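J.: Each residue of the sequence shown is one higher than the last, beginning at 177 in my numbering. We put the CB at the ideal spot given by N, CA and C, even for glycine. In this text the structure is predicted, and so the values were computed from the model without any measurement.
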Amino acid sequence: MTETLALIGAGAMGGAIGARLVATGVALRAFDLDTEKVSALVAQGAKAADSAADAARGADAVILSLNSPRIVEAAVFGPEGVVAGAAPGTVIIDMSSIDPAATRALAARAEDAGLGWVDSPLSGGIPKASTGELTLMQGGRAADVARAQAVLARVASNQTHMGPAGAGQTTKLINQVLCGLGFLAVAEATALAEASGVDASRIPQALRGGRADSALLQEYMPRFAARDYRRTGRIDNMVKDLDGAVDAARAAQVSMPMTALCSEIHRMLTAAGLGGEDQAAVMEYFAGAGRRLPK
Numbered sequence: 177m178t179e180t181l182a183l184i185g186a187g188a189m190g191g192a193i194g195a196r197l198v199a200t201g202v203a204l205r206a207f208d209l210d211t212e213k214v215s216a217l218v219a220q221g222a223k224a225a226d227s228a229a230d231a232a233r234g235a236d237a238v239i240l241s242l243n244s245p246r247i248v249e250a251a252v253f254g255p256e257g258v259v260a261g262a263a264p265g266t267v268i269i270d271m272s273s274i275d276p277a278a279t280r281a282l283a284a285r286a287e288d289a290g291l292g293w294v295d296s297p298l299s300g301g302i303p304k305a306s307t308g309e310l311t312l313m314q315g316g317r318a319a320d321v322a323r324a325q326a327v328l329a330r331v332a333s334n335q336t337h338m339g340p341a342g343a344g345q346t347t348k349l350i351n352q353v354l355c356g357l358g359f360l361a362v363a364e365a366t367a368l369a370e371a372s373g374v375d376a377s378r379i380p381q382a383l384r385g386g387r388a389d390s391a392l393l394q395e396y397m398p399r400f401a402a403r404d405y406r407r408t409g410r411i412d413n414m415v416k417d418l419d420g421a422v423d424a425a426r427a428a429q430v431s432m433p434m435t436a437l438c439s440e441i442h443r444m445l446t447a448a449g450l451g452g453e454d455q456a457a458v459m460e461y462f463a464g465a466g467r468r469l470p471k
């Protein structure tokens, strides 16, 4: 029997997840306030829903891909939200990146409504979603997570249950700290190579297998060198995530000075109009940023 899934949120990331689900044979019902985004999925075989509640009716699981706790709350608990349509026992899989405290509160409300909740933020972006190779970090009750992992095996090659509700979101913040700092380090190194007359595009090969090697180096230094800013993520989304990490650190009384600086650099780029650009555009901070960014 074909599995029926609901997708709430068909933006860049949600659209990629939805497209992959349809390609693997899922019967997908999608809802987004932007009907054009849903139309793109309908063209690939999904069905459009009139509301989040409509999408959730009869669905084996509901996947969320949204931008903030406020939007997630409205989509699930608002008028014509998921709760109004989902059958008791349905598991909600939140693939959004939102703060852990909000996630714990939302999970508790879902449990009170007779629904399961799994926070399952992702790493790998649109390219990995398209090939079914996302990395997912998950929080929630073991039985709910097991059900979510079976559903998400179509889009992910690495899924890890990190603990109770919110643990997945905390792990995502840690992922973003490592990525945010890593992007800046690779961009800074690219700028040094260029200023020193070294072909930055050859550095990944030169360092392959050494201690400085990483997936981020291999993917992004060539993009930095080529000024390839094709969008797979957004700088302003990184600001949100890094701010979330700093807030979590303050609550835990952990000092994160490099993360705070990284957040401010991303905020500066956003203020300069680059917030909607791909993460690769952090190169602009190092490549003549002093000439182009506001003083």
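Whole angstroms are fine: how far does the CA of L298 sit from the CA of G308?
T.: Rounded to whole angstroms, G308 to L298 spans 12 Å at the Cα level.
J.: What does the Cβ neighbour count give for M397, buried or exposed, with the cut at 16 atoms within 10 Å?
T.: So M397 counts as buried.
J.: On a CA-only basis, which of S306, E249, A424 is nearest L328? Give me that one, please.
T.: Ranking S306, E249, A424 by Cα distance to L328 puts S306 first.
J.: Taking buried to mean at least 16 other C-beta atoms within 10 Å of its own C-beta, is L368 buried or exposed?
T.: L368 is exposed by the Cβ-count criterion.
J.: What is the DSSP secondary structure of N334, reduced to helix, strand or coil?
T.: DSSP places N334 in strand when its eight states are reduced to three.
J.: Please classify Q314: does DSSP put it in a helix, a strand, or coil?
T.: Note: Q314 maps to strand in three-state DSSP.
J.: Are the beta-carbon atoms belonging to A341 and D288 less than 8 Å from one another?
T.: Not in contact: A341 and D288 (Cβ atoms no closer than 8 Å).
J.: Note down, in chain order, each residue of its chain lying with its Cβ closer than 8 Å to the Cβ of A318, except the 5 sequence neighbours on either side.
T.: Correct list, in chain order: H337.
J.: Hey, R285 and F253: beta-carbon distance below 8 Å or not?
T.: Cβ atoms of R285 and F253: closer than 8 Å.
J.: Does the stretch 194 to 206 come within contact of the stretch 217 to 225, defined as at least 3 CB pairs closer than 8 Å?
T.: The stretch 194 to 206 vs the stretch 217 to 225: in contact.
J.: Which same chain residues end up closer than 7 Å to R406 when comparing Cβ atoms and leaving out the 5 residues on each side of it in sequence?
T.: Same-chain partners within the cutoff: D454.
J.: Applying the criterion that 16 or more other CB atoms from any shown protein chain within 10 Å of the CB defines a buried residue, is R205 buried or exposed?
T.: Its Cβ being crowded by 16 or more others within 10 Å, R205 is buried.
J.: Would A228 pass as a contact of V248 if the rule is Cβ separation under 8 Å?
T.: Their beta carbons are not under 8 Å apart, which means A228 does not touch V248 by this criterion.
J.: Nearest-angstrom Cα distance between T311 and Q335?
T.: Going by the C-alpha atoms only, they are around 6 Å apart.
J.: So what does D295 bridge to, in DSSP terms?
T.: According to DSSP, which records beta bridges pairwise, D295 is partnered with D270, G315.
J.: If you run the structure through DSSP and keep just helix, strand and coil, what is A186?
T.: In the structure shown, A186 sits in coil (DSSP, three-state: anything other than H, G, I, E or B).
J.: Considering only DSSP beta bridges, list what A277 is partnered with.
T.: None; A277 has no bridge partner.
J.: Can the beta-carbon of V267 be found less than 8 Å from the beta-carbon of R323?
T.: Result yes, Cβ atoms of V267 and R323 sit closer than 8 Å.
J.: Between the stretch 414 to 421 and the stretch 340 to 360, are three or more C-beta pairs nearer than 8 Å?
T.: The stretch 414 to 421, when compared against the stretch 340 to 360, does touch it at the 8 Å Cβ threshold.
J.: Of the choices A402, A263, R246, S439, whose alpha-carbon is the least far from that of V238?
T.: Of the listed residues, the one whose Cα sits closest to V238 is A263.
J.: Helix, strand or coil for T347 per DSSP?
T.: Correct three-state label for T347: helix.
J.: Quick check on DSSP: helix, strand or coil for E179?
T.: Of the three classes helix, strand and coil, the one that applies to E179 here is coil, per DSSP.
J.: The beta strand (DSSP E) spanning A203 covers which residue range?
T.: 203 to 207 is the extent of the beta strand (DSSP E) around A203.
J.: Go ahead and pull the three-state DSSP assignment for L240.
T.: Looking at L240 - three-state DSSP - the assignment turns out to be strand.
J.: With the cut-off set at 8 Å, would you say L240 and M271 are in Cβ contact?
T.: Going by C-beta atoms, L240 is nearer than 8 Å to M271.
J.: Report the residue from V214, A182, S273 whose alpha carbon sits nearest the alpha carbon of A231.
T.: Per the Cα distances, A182.
J.: Output the boundary residues of the alpha helix (DSSP H) element that contains S306.
T.: Segment 301 to 307, the alpha helix (DSSP H) holding S306.
J.: With a threshold of 6 Å on Cβ separation, who are the neighbours of N351 within its own chain once the five nearest residues in sequence on each side are excluded?
T.: Within the same chain, N351 has close Cβ partners S299.
J.: Taking Cβ to Cβ, would you say T435 is nearer than 8 Å to G301?
T.: Their beta carbons are not under 8 Å apart, which means T435 does not touch G301 by this criterion.
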